[in-house]
Every structure is written in C-alpha cells, then in structure tokens.
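Data first, discussion second: the structure below is written as structure tokens.
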Amino acid sequence: MGYFLETLLGGLMTGMLYSLVALGFVLIFKASGVFNFAQGAMVLFAALAMARFAGWLPKWLGFESVILANVLAFIAAGIIMFAVAWMIERLVLRHLVNQEGATLLMATLGITYFLDGLGQTIFGSDIYKIDIGMPKEPLIALESTFQGGVLINKEDLIAAVIAAALVALLTLFFQKTSTGRALRAVADDHQAAQSIGIPLNRIWVIVWCVAGVVALVAGMIWGSKLGVQFSLSSIALRALPVVILGGLTSVPGAIIGGLIIGVGEKLSEVYIGPMVGGGIEIWFAYMLALVVLLFRPQGLFGEKIIDRV
Amino acid sequence: MDPKKIVLNVSGIEVIYNHVILVLKGVSLQVPEQGIVALLGGNGAGKTTTLRAVSNLLQGERGQVTKGSIELRGERIENLTPADLVQRGVVQVMEGRHCFAHLTIEENLLTGSYTRKSKGEIAANLDKVYAYFPRLKTRRTSQAAYTSGGEQQMCAIGRALMAQPSIVLLDEPSMGLAPQIVEEVFEIVKDLNAKEKVTFLLAEQNTNMALKYSDYGYIMESGRIVMDGPAAELATNEDVKEFYLGVGGGQRKSFREVKSYKRRKRWLA
Amino acid sequence: QAKEQFFPVLVYRTGAYAPNGVPFANGYVDYLKYVNAKGGINGVKVSFEECETGYATDRGVECYERLKGKNGGATVFQPLSTGITFALTEKAPGDKIPLITAGYGRSESTDGNVFKWNFPLTGTYWDAADILLQHVAKKEGGWDKLKGKKVALVYHDSPYGKEPIPLLVERSKMHGFELQQLPVAHPGVEQKATWQQIRGSRPDYVFLWGWGVMNSTALKDAVATGYPRDKMYGVWWAGAEPDVKDVGDGARGYNALALQHGAEPNSKIVKDVLELVHAKGQGTGPKEEVGQVLYMRGLMAAMLAVEGVKRAQERYGKGKWMSAEQARWGYENLALDQKKLDALGFSGVARPISTSCADHRGATWARVHTWDGKKWNFTSDWYESDAAVIKPMIKAAADKYAAEKKLERRTAADCQT
Amino acid sequence: MRDHPGPGGSNGGAPEPAPAGTQRQFGEVILDVQNISLAFGGVKALSDISFDVREHEVRAIIGPNGAGKSSMLNCINGVYQPQQGTITFRGKSFHHMKSRQVAEMGIARTFQNLALFKGMSVLDNIMTGRNLHIKSNIFLQALRIGPAEREEIQHREYVEKIIDFLEIQAFRKTPVGQLPYGLQKRVDLGRALAMEPQVLLLDEPMAGMNLEEKQDMCRFILDVNDEFGTTVVLIEHDMSVVMDISDRVVVLDYGKKIGDGTPDEVRNNPEVIKAYLGTSH
Amino acid sequence: MLYRENGQFKTSYQSDQQIFPILQDRVAVLAILAVAFLLVPMLASDYMFRAILIPFLILALAAMGVNILVGYCGQISLGSGAFMAVGAYAAYNCLIRVDGIPLILAILLGGVFATLVGIVFGIPSLRVRGLYLAVATLAAQFFCDWAFLRIKWFTNYTSSGSVSVSNLNVMGWAIDTPVEKYLFCLGFLAVFGLLAKNLVRSAIGREWMAIRDMDVAAAVIGIRPMYAKLSAFAVSSFIVGVAGALWGFVHLGAWEPAAFSVDRSFQLLFMVIIGGMGSIMGSFFGAAFIVVLPIFLNQALPAVGSAFGVTISTAGIAHTEFMVFGALIVWFLIVEPHGLARLWSIGKQKLRLWPFPH
Ligand SMILES: Nc1ncnc2c1ncn2[C@@H]1O[C@H](COP(=O)(O)OP(=O)(O)OP(=O)(O)O)[C@@H](O)[C@H]1O
Ligand SMILES: Nc1ncnc2c1ncn2[C@@H]1O[C@H](COP(=O)(O)OP(=O)(O)OP(=O)(O)O)[C@@H](O)[C@H]1O
Ligand SMILES: [Mg+2]
Ligand SMILES: [Mg+2]
C-alpha cells in the first residue's frame, strides 16, 4: 500500500512536470493555431542560457552570491527568450500568415533545428548544472503507517507547486482578459483576425514570449533535476500525450492531462512493466491518450472539433 | 466625380497571385468622403481582390500588388499592416463570412472591438449591433460555427461595425441573407453613412440593391474597370439594364423563360 | 613522398551523447597528433578526419562510406557505438577494413575465426559483466554467497545495454541469484519508474549499463529514491567524469569498472601529449580535461589503432604505408607487452595485450574505481573474466552467426594471411 | 455565346421545354418527410416538419436565416440525425439515413458554404461525383490496365459533358480554391450532377451571383429538371428565382413550417409575408 | 518558348489522361529514367551510391508512401518509422524462417505485414483527426519500437536485439555491389512510383483527396470515410513497409529498432511537407532535400570555412549544419508553403509564359 501510494505520488509529481512543458504547447496553439514542435528546443535553449549565465555572470561581474547569480541568470535567459520570440515572429511567422497547420508545424520543426544548433553553438554541448538550491535528499513520510514509509521527492514537490502556480496564472490570463479572447480569435482565423485590426505581429511576439518564459521555467526545473544537456529537448515527446489527452486548447487540460499521464505511466511501468519486460511507459502514455481520444476526439477539455457543412 | 474630398484613391494597381496569376490589370477607383461606392461585376472580375488589395489582406492569399498605388487620405498604405489600417478606420468585411468558429457570436462581436478601448463605447456598440440584428442577440451564446449561414453573415458585418470604422469595405454583404435582411443591411449602410458619416466601398452581385443605395458605381470585368458613373446613371444604362438588372428591353424576364432564350446547348442529347 | 596513414575518426560531438563523446574524441585525435609530433609511425605520417555520427546508425554508416576510401583508404574504423558496430560488421568484410571496438561491440566477435575484421580489443561486455559479478561475489565472500541475492540491471535499451544480459543470465543460473532487468529508453532521462521499482524490490546490487545522460540521471534518481550509491556498479562506460560531475556529492561511493585505466592525469603519456601537442597550441579539447577517464580511453583506442599498424609494418615493411588489409594482420597479431607499453608511456595505463587469430580481444583486465565526490579512486584489484564461462558462450554465438551468414570458420591457412 | 450544337450530336429526341405558365406534369411522391424534429441543445432547429416532394418537380424551401432550411437538407443527407420523424424515399422509410446509403439511392446535394475539395482540380472534383459508379477495385486501379482504364475514360467522357454543360471548360484543370465564388458554386453543382441523381438538393446555389449568372444557373437547373426528370429541392433567398422556377414552395420559420403551396399561394400567405418576405414583395 | 503545350492537341481523353500530358514532360521523364538506369551506374562513385543514392531511393519510396497518407488523404502520421520497422522485421523473419523464400517475396511480405499493422493503427483515424491523430500515431511508433526491442522472437533471439541479413540475391543475381543495390532499389522505386501515381489519379486517389479536403461533403457524395482512410493507411504502410525492408536489407545490412525511431518518422514527414503534400514528385524532391542537404552541408561547410581561412571544428560544423538546415526549411516554406513540387510547377508555369512576364 505504501509502495502504491509512493508510486502514485511520484506519478502525480512527474505529471506536473510534464504539464509544465505541455503548457507551452497549449499556449501557442491556443493563441495562434500553431502546433509548436519547437517547444522542446525552447526548453533546452532557455535552460542552457540560464545555466550558462549563472556560471558566467558572477565571473563577468565579479560577485559570488549563488542566489544573485541565479536571479540574474533567470532574467538574462528571459531576455534571450524574448529575443527568440521576436526573431521567430519577424523571420518566420510573419511570412506564414494564413497558411495551413501542416506548414506552420513544419516551420516550427525548422525552428527546432535552428535553436538546437544555435544553442549548442553559443552555450556548448556539455552537461551544465542549474543549481537553484533544490533539496535532493528524499523525504520519508508516514513511516509509522507503512513499513518503509512513503518516499516523497522534495524537489518534485517544489516543482509541482511552481507548475501549479504558473498554470493558475495563465488560466486567469486567458479567461479574464480581452487579449485572451483575441488570442483565441487569431487561432481560429488569421485573416479574419487581421481584418478587424488584431495586430498579429504583436500578439505573436507576446505569446511566444510567454511560451518562452514557460519554457524557461520548465527548463530550469527539469534542468536542475537532470542537468542541462541536449536530451532535455526530448522531454517534449513525453509531454505530447499530455497535450492531446488534456486537449490542445485547454490550459487546465494540460494539468489534468499531466497528472493522468504521469500516474498512468508510472503505475503501468511499475505494475505491468515487469510482466512484459519493462520499458513500456512511453507507449503506455500514448496508448492511454489514444484510448481517451477514441471517446473524446478533442481530448478531455479541448474545444470540440467543429465539423459542419 | 463630385468635388468632395477623396479618402481612398486606388490608381492603376496590378495584383498577381502566386507570382504568376495576374488578376487585376490596372484598376483605378476613388472613394469620396462619406460616399457609398459600389463595385460591380461578374464572378471572377476581381472585386474581392481589389478590396483585399486596399485592406492589405492579400499577403495571406499569396497575392501581391505589383504596380500602382493606393492612398488613404493622401497617405500611401501599401506597406501598412491590416491592423494599422483598422487603426486608421478601414475595416473589411470578408467574403465568405470568416467568423471565429470556436468563439460565440457575442465573443466574435467583442473581438471586433479589439481596437476600441473604452468599455462604455464597446457596450454601446454591442447594443447597436444587436439592435440592427436582433437574430444575433438570440443566438449570442452559440458558437459561430454552429449558426446558420445567414447568421454568420450578420455576425461578420456586426463584428466589423464594432470597430467603429470610418471606412468599411463590404464584400458581398447580401450573400445568403433573407430578402428582408438584405434590405435591412442596406438600410444600415445608409443609416451609418448618413448618421455616422461612414464611407462605404461595397462589392456586390445584387446590382439592383447596390445601385439603389450607392452614390457611385464601378463595373469590373476580368480585372479591369470597364465602366463607371453615378449610380443613377449606371442604372439607366442599357447594357447595365440588360446584363446586370435583367430588365433590358423593358420588362423583367422570368427566370423560367431565360431557359429557352439563353439555351445554347442541349445537355447529353 | 610516402603516403600518409589515414585514420578516420567517427565522433559525436553533438546531440544527446556529446558530453561523453567529446572527451573520447579529443583523446583519440590528440594521440594521432602526438604520433605525428613524434615523427609518425616509423616515419609514416598519420592523417585523420573527423565525421560526426551523432550516435545514430545511419549517419555512422554514411560517415563510414564517406571516409573509407578517402586519403588513400581508411586504415581502421572505431565507431564508438554498438549500433554502428553492428551495421559496419556487415560491411567491413566486403570493404576489407578492420573495425576496432575497444571495450564495446559484439561480444562474440572476439572469435576471430568467424569475425575476421572485428577487434573488440581489451574486452567485451560479457567480460565486463563477468568481472562485476566476480567483484560482487568477492565482496560477499564467495560465489556461493550470491545465492538468493538480487541483482538489478539498469540498462540502455539498445544493443549496447542488452549485450551483457546473456552472461548475467548464465551466471544467475549458475549461482542462484536473481536478475532483475530494467530497460531505460533512449536517451535515458526518464527513470523515475525504474528507480521506483528498485525501491520496491530492493536489490542487493544495481548494475548500471548506461551511456551519456542516462548515467547521471540514474545517479540522481538513486539519490532521490535513497538507493545506496555504494551498491551501484557501472560498466566502464558509466564511470567517467561527465557521469558524476553534475551529481556531485550525491554520487559519492558509486563504483564503476575501469577498462584497465582510470583517470590518469599523471601518466607519462599524458605529460607527453600535453608537452608535444597542447603546449604547441594544437590540443583538441580543454587542457584541464586531458587525462580524464574518457579522454584516456580515446587515447588508448588511438594507441591500439596505431600499434596495429606498427605491428603490421614489422611484417610488411617498416616505414611503409599499410593497407587496411595489412593493418588487419597487425591487429590480429598484436603483441604489446609491458615493456612496449612502458616505452609508449602507457605504464600504469594499459596492460599487455596480445591477439591471435582465435582471440581478437587480447586482454580482459579490469578493476573497479569509486567516486569520492571529487575524483575516481581505484578500490579493487585487477580481475580477468572467467574464460571457462565465456569461451563456450562466444563459440556458440559465433557459430550461430556463421550459420546465419553461411560463413565458414577460417582455416589455419587463412590465419596466416 | 449562342447556339452551338452539342458534342453528342442531334438533339431532336429531347422533349421541347414546356412553355412557362402551362401546367407541368408531376409524378408520385418520391421523397416524403414526416414529422422531423431536430434540436441542438436548447436550439430547436426543426420542430415537427412534414412535407413531400413529387417526382420531377422543383420544390423550393424558403425561410428567414436560421430557419432550419440547411438543417433539413442535412437530415435528409444523413449529416444530422433528427431526434424524431421519418424520411421516406421511394416507399422506403428511414428514421436516420446514412450518407452513403442516401448517395446510393440517388440523392445528390450541393452546399451552402462551398464544400468543394479545395486541393483538387475542377475535373477531379466532378470526377469524385462519379465514384459511386466506379467498379474496378484498388488493384486494377493501381495497375490501370484494361477495364480500369476504360472505365476511367468512360466516366471522364460523362464528366466532360457536365463540364461543357456548365460552361466551365476553361477551368478544367484549375484547382477549385483559386476559382471565384460563383464558379465554385457551379463546380459544386457539377459534382452533384455527376452522381446522376434522381433527387438534387440545392442549398442556395445562386448566392453570390449576379443576374446573368443566376440566369445561367436557373437554366442549368431547369435543363436538368426537364431533360432528366431529376427532382430538384431548392433553397434560395432570391424570391424572383424561387417564384419563377419552383413548382411548390415550403416555408420554414425558426423550425416551424408556416406555409406550403404553389409560389402564388405562398406569396400571398400573410404569415409568410410577415415572417420572411417583408412588405416590399 | 521551348516549353509549352500549345499546339499539342489531345484527340482522346486517353491521351489527356496520361501521367504526363505534355510532350516535353514525357521526354524529360524518359530521359531521367534512362539516366538513372544507365548513366548513373556508369558514372557514380561507390560513395555516391552507398551514402547518397541508395538512401535517397529508399527514403523517397518511404516518403511516397507517407505522402499517400499525409498528403493525399490528409491523415498526418508520425508512425511511419514504425511501419518501416514492421516491414523490415517482418521481411527479416520471412527470410530466415521460410526456407528458400525469394528475396523479393520476403520484402513484399514485409510490406504486407506493415499493411496489417498500418490498418490496425489507422482505426483511430476514424474518430480522431488532425494534430490529435498525428500525436496519437506516435503510439504506434513507440509501441513498435518497444515490441521489436522486447519481443525476442522478432529478432530471432539474438542477444543484442540487433538483426542482420546478408547474401542478398534475386534468383541467382547476387545483390552485392553498390551498383546492384542501387539498381535493385531503383527498380522498386520506379515500379512503386508508377503504381502510386496510378492510384492517386484514379478513383481511389480522388476519394483520399476528397476525405482530406472536406470529409462531410465526401460522405454526402457517397465516399465511405472508413474505406478511404483505411485504404490510405493500407497502401501507405505497404509502401513504407517495403521501403523499411529495403532500408534494413539493402542499406544497413544490420539494424536495431533505433534505425526506425521516431526521428525517422519525423524525417519522413519533413520530406513530405518540404517536397509537397499531395504530390508524388514532391516526395522525391523532399527526400533529395532531406537526404542530400545535411551531407552536402557537412562536407561543404569546412570548405567554405577554409575559404575564409577558418577551420571549423566537427562540432561547429554539426551545429552550423543544424542551423542552416533549419533556416533552409523555414526559407523554403516561406517561398512556397506548398513545397518544392509546387515551386517546380510554378517554375514550369513561368516557363510556359516565358519570355513574357505574365
Ligand atoms: N488565392 C488566389 N490564388 C489564385 N488566384 C486567385 C486567388 N483568389 C482569386 N483568384 C483569381 O482571381 C480572379 C478574381 O477573383 P476575385 O475573387 O477577386 O473575384 P470576384 O470579383 O470577387 O468574384 P466573385 O464575385 O465570384 O466573388 C479569379 O479569376 C480567381 O480565380
Ligand atoms: N450543428 C449545429 N449545432 C448547433 N446549432 C445548429 C447546428 N446546425 C444548425 N444549428 C442551428 O439551427 C438553426 C438552423 O440552421 P440552418 O443552417 O438550418 O438555417 P438556414 O435555414 O439554412 O439559414 P440560412 O438561410 O441562414 O442558411 C440555426 O439557428 C443554427 O444556429
Ligand atoms: Mg468576390
Ligand atoms: Mg442555410
């Protein structure tokens, strides 16, 4: 029982971390109709920037404080992500107004390559460390209730809280502001949005910038867990089932989806995995999402797919 | 043309789609302040393209203005973004509705007032649109994609009005609307023109209506302006009567008779 | 003017495995530069060209095709990837180019009678697994003490990670310990469930068969689930600085095999390289990393490649350019005794290696080193794998391969060529 | 653009078109819609609608925007499933029709919001209308030998006649997305005609056309109706068209039927005038 | 005015329905085929064959298969790598388990098994659409990756999970040298190219496109979405499966599931989009672009660097290659969102007008 609980908790917290990445996808999709495959690359890029700046800034500016270094590095990386967003709008999106989804998706794949190359060129391809003082040692709770207690990862716990806060913030943004509505309009029809005076350019910069910051937060947390190096971008693939399970257009969906996928894959790996040789969590997550889609093709919380003649 | 001030001056524009398809071959037209100008012509004449060129919505269609100039109140506008144009008061109602499918009717309308900041003004505009189109009010919570064709058309027109434009480019506003609504739409146009001094450039197939309500008309055919003149004059022109109003030679012809006199080929004889 | 001896260098300096690929490549290239600085192989200058594989098989194959005929023909390939090794094993015989897979590759390719062109010099994964078990058994106080124990294998889910399984299975049958197999998908950043399972099953030992980021992630997850690091044993590809560096203190006590050498910043060869290459501004990587574990492994791999050519020259003519086929003979008849190694500056770094037609491996020496939070320290004696267990397995696997490919075992006469 | 002899040769056999005003002959009830009700959540798109369509007639459906006209067609086509009611086609009753079944029975349809296949040429669009008639299987099609090739040509000939008939020869190979709106509507009609339907459902076929084009369109519809005896169900907002070419008219108003009869009867029905026509008609 | 169709009157629909109705095109295609079959084998180097031409041919074949599904039927799939894997492993098992099975039959059987798997994973497409489907097809990808790693029977119990084939021969003709391999693959590509082209210009092809463009309308004119979608999945995965078998047998010789990883799926999708969705020729362009460009960049960059007097490190080259590659993708999309094939046809259209600008 304690073991089950522990797996469950572990799954929930991993799920929250997936949500953080999934959130980036949802934001951009919801606000511009672009399925941004570059989200993983952005996570890596942001994390690399943060990790390197945290190392460089104290050297350049001659101070020692780790906290200050991290704060400044976060800001610097944020600025870089803003620059990235701006460049993407300028050089890519602006020229692809009103194009089909597949084309836009392809463009984001191009961006992925570019960012991967650029990130490694500027920041190097070694493993770097982000040390934001996350506690690494586990916490054993409920030792009296269960034999061996229930192990909780403090680092994950903190990360989950940050993720939840971010999601709450973004949900508010979408629901309560008129910009949120404009963003949804843009996703539906670029041309019509233009025709009523929504400045696509500015909107896109804003959205990609927000997504960049979300990527930065995700990169920071994942980076401090895993170390910052190239494979960080592959967590995007882990977040995809979360995105479709929750619904491409739903911010809260990203969270719920994350929790379901997190728990599903951990439980399956731990309980079913050993029977079939293990390593099933990845496809299990996708299968889980697929099965849900069979019943709700738009994901749990996504907007209904419109199909009318 | 009247001595009134020209707000929109299109001179000699050429438009090419996809780098190869030449669609407009030197179109020039002027829209006077507070005028209602109609752009008439058959399918594929290039009316929509002309409007898109003015509102700068060509880019998304991979079209390009390659020659000529477009001036709004003396300012060249070819390089402005559509959003800039809306800021300057030019709003287009696109052909084929283009409502935001996932947004409700009301959200669609509110999105139309993106450039307006004052809350009170927005609310007033919304009321005005609902007053013009009561049907929209009853369907306001429905997602636009699930409303009927005519409702969507009303929504598209209403949405444009929410931006409080000074110039409206209307592309086939009457399409798909029931007769009395068509009339209403044109009444609204007249109303706005008279009361709020809004200028209109409208592309229409419903020549009858268009000439009835506009001051001046241009007739396009395959990418060129072939005739222009004050609306009243056009309406009495023999060719226009014959081909656009269907009253050539006096009496309106029945659509059923058309069949025999126009038939030129037996199908699958 | 004599032809230059061309050594293609398949590297991965980008992508998921770059942190481990880079130091190896640096060591490899530095050694080749060093050879030139010393005047070449008996006067024959060495040339080389890098090709980026990204640890991907198809890019590796492309690199192979690109470089094999370049600059007069490649001498030998070292793919540094088990996947690429498998693909090249099919191609090398046709092109008549030897493959050195020092410390990786297919275990059965030790059998030179079937795998004429493969040289898994210094040991294979079966050796590694066997030695790890020997070490564990010794700690426990004998093979019989393993009975009832539980060993978990956390492995990279690829041919690389799977290689040791047959041997572990064999041994577990022999000694009655339980083997728990836990695959980790490429690139290995997601191991939560794996370690959750370890926390549930509480194995006595965890063997780590990881590469790249998978190693550090495993250590981090071990920390997070509280699995004692001193019960963890990595293969020799999971025991270098990049694997533990960013885990820092958390990795203290973690053990891994050392493929003959560990980090050897004070060895003669390192000093020579620093002096002859780095001091002249021709060094490939940062100076501080010279002498680290993977750097040393690159250095040694290059040394083996060069020594094979040197050996071949003994037969086909000193100071002459060797064709790949001639070099192959050199690799098959390596005779690096301690004296020669000392002369090369590898004293304390490498142990004697001698190959033959039947045995393409040359040596199976290894020992365990342990991370103390700052550096790797040796914590065991030397081991050699148990031929009695491994030899029959090699034979069986090689026979199976030969049957599948309809190959004849090489004759004694063929061994002379 | 006057008289050309058709490619098919003589046109002597075809009946002379009935002069306007004379009584037209109709057959049996071919399509009978009984008590159809359809609601979307709270919106009652159709409530208890019944009407029939006789063979060979031109039946118009009119009504204000959002009255449920298109929804009616969607029910017949099996796109929507009405909550209540039956649809009887040639004596067979259905509660819910499947799109494929409907197509097989010979009911074709055009769409209000252009539902053409945007990425395909005009020719291919119309050819898809022939798909129901294609016999050769996927393997024959892949090899394109003998029968498959012959069949393809046969259908192509048929489609070419439609193209000639609709006078869109010049655009045969143009992707439909690039055509102006009015021509797209014609292609839509062509696609429906290619199915050789017995009943043709037309949803605002003349929207967005000028007078001349409307005349052409009317001509096409009447030709089809006359020469093939194809029954036509027509939704249209242009009253002069409806009054001129239809034989009987159904009037819907927000889901309810408020009138049914000849154009003249409907025109003078006060309820219809109030709900739809407005005073000026 | 060399390139024009004026004056080439079609006297029958048959001639108008040829694959290439314009005479110049026909001549050009025949010329290309002649060059490919006769001239290239004489001229190209070993390296060209093994590292560029053979991968290009095989991936073009696969891209063609993917294009049928994605470009023609509009079902975006990221599972193509898995279908390639199924083709390769199934063909491998046929080859080793059925004694004396002809090579070509084994490869085709690989395709047949891929078809079956494709149909199974195509079933969700009946409900799930668009990007949701795209992501959902990754389930096939990861599941197959896993199955071939984990189920030992598929790999004939090799300990490493890597399988290999050699001694390929077709009725005594040993396919050994690069030229032979090249011709073997070229033969496949030519035959399948023709078949695929026939399909997409026949009724079934129109059904696929109809479903892609507007499925409700397609249903109303009597097209069964289920049949159209599943047949697209079937045909597509058959071709992709055959390509997979060729990739394993001819190009790699020995492989592991990583050879057909999710990266491969993405790569194939790139080819289709870059080349042009809904264009058989586009698949070739796309494959050429994606196969050749990185190799070209990889070799050209050092040369460019040295021209400016800098030596770029291997890592630098790889990174620059990434950046240039990404930038080029975006650039091509901006120039022509519908892919290289469209660019090509616009070019031809201009040529037709030439020397007049419009
Ligand atoms: N996106 C496009 N790409 C290529 N050609 C186009 C495009 N849009 C329009 N055209 C072509 O431009 C010409 C003019 O079209 P336009 O839509 O402006 O006509 P229109 O007068 O508005 O016709 P309608 O009354 O039918 O709407 C047509 O021949 C059409 O084929
Ligand atoms: N799928 C749907 N979901 C929700 N409401 C719908 C749906 N389809 C139609 N409706 C509603 O049903 C009513 C009837 O729609 P319908 O399209 O049939 O109208 P119509 O008579 O064709 O109007 P128009 O002349 O404007 O085309 C409308 O109010 C519309 O909003
Ligand atoms: Mg138009
Ligand atoms: Mg309607």
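Protein chains in written order, with this note's numbering: chain A, -14 to 294; chain B, 63 to 331; chain C, 157 to 573; chain D, 1133 to 1413; chain E, 1266 to 1623. Cβ coordinates follow ideal geometry from the N, Cα and C atoms, glycine included. Predicted model, so just to flag it, every value in this text is computed and none were measured.
Residue i - containing beta strand (DSSP E), residue span
i, result
"L1170(D)", "1161 to 1172"
"M1313(E)", "Careful: M1313(E) lies outside any beta strand (DSSP E) and carries neither H nor E."
"T1218(D)", "1216 to 1221"
"A412(C)", "411 to 414"
Interface residues of chain D facing residue i [CB-CB closer than 7 Å]
i, result
"R197(B)", "N1197, G1198"
Euclidean distance between Cα positions of residue i and residue j
i, j, result
"K387(C)", "V82(A)", "58 Å"
"G1141(D)", "E1359(D)", "Since pLDDT at G1141(D) reaches only 35, below the 50 mark, its modelled position is unreliable, and no value is offered."
"N198(C)", "K474(C)", "7 Å"
"C207(C)", "K1615(E)", "42 Å"
"T1218(D)", "A16(A)", "44 Å"
"I229(A)", "I1384(E)", "22 Å"
"K575(C)", "M549(C)", "As displayed, chain C neither begins before 157 nor continues past 573, which places residue 575(C) out of reach and without an answer."
"N1245(D)", "G212(B)", "10 Å"
"G262(A)", "Q1213(D)", "47 Å"
"L166(C)", "L236(C)", "7 Å"
"V340(C)", "H312(C)", "5 Å"
"E205(C)", "F1378(E)", "42 Å"
"T1154(D)", "V1190(D)", "Its pLDDT being 46, under 50, T1154(D) is placed unreliably in this model, and the value from its coordinates should be taken loosely. One C-alpha to the other measures close to 15 Å."
"F269(A)", "V11(A)", "22 Å"
"Y79(B)", "Q121(B)", "9 Å"
Contact set between residue i and chain D, taken where Cβ atoms lie within less than 8 Å
i, result
"L1464(E)", "I1270, Q1273, A1274"
Neighbouring residues, chain A, relative to residue i (Cβ below 8 Å)
i, result
"H160(B)", "D174, Q176, A177, S180"
Residues that residue i contacts on chain C, provided the C-beta gap is smaller than 9 Å
i, result
"K251(A)", "K348, A349, Q352"
Cβ distance (whole Å) where residue i is taken to contact residue j below 8 Å
i, j, result
"L1334(D)", "V1365(D)", "7 Å"
"F1525(E)", "G1509(E)", "6 Å"
Beta-carbon neighbours of residue i, restricted to chain E and to distances below 8 Å
i, result
"F242(C)", "S1425, S1427, S1429, A1519, W1520, E1521"
"V261(A)", "R1415"
Neighbour list for residue i in chain A, Cβ cutoff strictly below 9 Å
i, result
"T110(B)", "Correct list: empty, because the minimum Cβ distance to chain A is about 12 Å."
Chain-ordered neighbours of residue i on chain C, where CB pairs are closer than 8 Å
i, result
"T130(A)", "Under the 8 Å cutoff, chain C gives no residues; its nearest Cβ is about 17 Å from T130(A)."
"L211(A)", "V345, V369, S372, T373, K376"
Run of the alpha helix (DSSP H) containing residue i, from where it starts to where it stops
i, result
"K87(B)", "It is not in any alpha helix (DSSP H) - K87(B) instead sits in the beta strand (DSSP E) that spans 83 to 94."
Interface partners of residue i on chain B, CB under 7 Å
i, result
"V82(A)", "Q121, G122"
"P184(A)", "T143, A145"
Beta-carbon neighbours of residue i, restricted to chain A and to distances below 7 Å
i, result
"R1394(E)", "P282, I290"
### Message
If you measure from each CB to the nearest heavy atom of ligand 3 and keep those under 7 Å, what residues do you get, in chain order?
### Response
K109(B), T110(B), E157(B), D233(B), E234(B), A265(B), P1312(D), Y1313(D)
### Query
Using the beta carbon as the reference atom, which residues fall closer than 7 Å to any heavy atom of ligand 4, ordered along the chain?
S210(B), G211(B), G212(B), K1201(D), S1202(D), Q1244(D), D1335(D), E1336(D), I1367(D)
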